[in-house]
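**Q**
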Amino acid sequence: MGEQITGAESLVRSLEAAEADVVFGIPGGAILPAYDPLMDSTKVRHILVRHEQAAGHAAEGYAGATGRVGVCMATSGPGATNLVTPIADAHMDSIPLVAITGQVPSPAIGTDAFQEADIRGITMPITKHNYLITDPDEIPRAINEAFHLAASGRPGPVLVDISKDALQADTEFSWPSEIDLPGYHPTTRPHSKQIREAARAVLSARQPVLYVGGG
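Dropping the structure here:
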C-alpha cells in the first residue's frame with residue numbers, strides 16, 4: 001500500500017502536477033479541508049479575494065495575461081453560485097478556466113442540505129465539461145482532464161465539484177500518465193469555407209470594417 005493522504009492533499013498535489021501556480025479563492029465550509037494543504041504548498045500560491053465572483057474574474061484575467069489555465073476555488077451553495085458569472089464569461093470569451101468547488105458530503109447530496117446547490121447542473125450549459133467527485137481516488141484524473149479540456153481546442157471553463165467527505169477521506173495519489181477521452185475531438189483547424197466567405201466579403205466591401213472578438 002502506498003502513502004495514505006487525504007483527498008484534499010491529493011487535490012493540491014494534482015494542482016501542482018498540472019503546473020498551476022496560482023489559485024484565486026475564498027474559504028468556506030465544504031472546501032475548507034483543501035486549505036491546509038494549499039497553504040503548505042510551495043508550488044501553488046493562494047490569493048485571497050473578498051467575493052467568489054472576484055476569484056473567477058481574477059482567474060480569467062490571469063489566464064488572459066499569461067496564456068495559462070486560470071484556477072479559482074469556492075465553497076458549496078452560495079460560494080459556488082457566485083462563480084456562475086465568471087464561468088459564463090469565460091465560456092463566451094474562450095478563456096481556459098478550472099473552477100473547483102466544494103460540495104456537501106455525498107450522503108447529503110440531493111437532500112436540500114445546508115448550503116447545497118446543484119452547481120454541476122447549473123453550469124452545464126456554460127462549461128466545456130464538469131465533474132462531481134465523491135470518490136477521492138478520482139480527484140487526480142478529474143483535475144488532469146479538466147486542465148486538458150480547458151486549454152485544448154476552443155479554450156473554456158471546466159468545473160470540478162468535490163464533496164467534502166471526498167476531500168477528508170484517505171486515498172493514494174496517482175497522477176495519470178495519459179489522458180483518455182474517447183468522445184473528445186476538438187477542432188484544431190479553421191473552417192476553410194468560412195475563411196473564403198470572409199475573404200470575399202472583405203474584398204467586395206467598399207469600406208471594410210472588421211469586428212473581431214467573441215473568444
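Mind the numbering: the sequence shown is residues 1 to 215 in my numbering, read in order.
Even for Gly, the Cβ is constructed at its ideal location relative to N, Cα and C.
Just reading off the alpha helix (DSSP H) that D89 is part of, what are its end residues?
**A** Membership of D89 in the alpha helix (DSSP H) is indicated by the continuous run 84–93.
**Q** Below 8 Å on the Cβ atoms is my guess for I95 versus P176; work out the distance and round it to an integer in Å.
**A** Contact flag wrong, Cβ pair sits at about 25 Å.
**Q** What do you get for I195, buried or exposed, if any count of 16 or more other CB atoms within 10 angstroms of its CB means buried?
**A** exposed
**Q** Three-state secondary structure (DSSP) at P157?
**A** strand
**Q** Using a Cβ-Cβ cutoff of less than 8 Å, which residues in the same chain neighbour P186 once the five nearest sequence positions on both sides are dropped?
**A** S152, G153, R154
**Q** Looking at the unbroken alpha helix (DSSP H) that takes in Q168, where does it start and where does it end?
**A** 164–168
**Q** Rounded to the nearest angstrom, what separates I162 and S192 at their Cα positions?
**A** 41 Å
**Q** List the whole-angstrom C-beta distance separating L97 from G79, where the pair is believed to meet the contact cut-off of C-beta under 8 Å.
**A** Not a contact, Cβ separation roughly 16 Å.
**Q** Hey, could you find the ends of the alpha helix (DSSP H) A113 is sitting in?
**A** Unbroken run through A113: none, as it is neither H nor E.
**Q** If you measure between the beta carbons of T81 and G29, is that distance less than 7 Å?
**A** no
**Q** For L210, report the span of its beta strand (DSSP E) as first-last.
**A** Where L210 is concerned, there is no enclosing beta strand (DSSP E), given that its DSSP letter is neither H nor E.
**Q** Under 7 Å between the Cβ atoms of G7 and L167?
**A** In contact: G7 and L167 (Cβ atoms closer than 7 Å).
**Q** Please state whether the Cβ-Cβ distance between A117 and G77 is less than 7 Å.
**A** Yes.
**Q** Taking buried to mean at least 16 other C-beta atoms within 10 Å of its own C-beta, is K128 buried or exposed?
**A** buried
**Q** Mark Q103 as exposed unless 16 or more other C-beta atoms lie within 10 angstroms of its C-beta, in which case mark it buried.
**A** buried
**Q** Of the residues Q4, N130, Y35, A113, which one's Cα is nearest the Cα of A121?
**A** Sequence check: residue 121 is Gly here, not Ala. Of the listed residues, the one whose Cα sits closest to G121 is N130.
**Q** Please report the residue range of the beta strand (DSSP E) in which F216 lies.
**A** Past the boundaries of the shown model lies residue 216; the chain is included only from 1 to 215, so the question cannot be answered.
**Q** When we look at the beta-carbon of E9 and count the other beta-carbons within 10 Å, is it buried (16 or more) or exposed?
**A** buried
**Q** Report the three-state DSSP secondary structure of A59 (helix, strand or coil).
**A** helix
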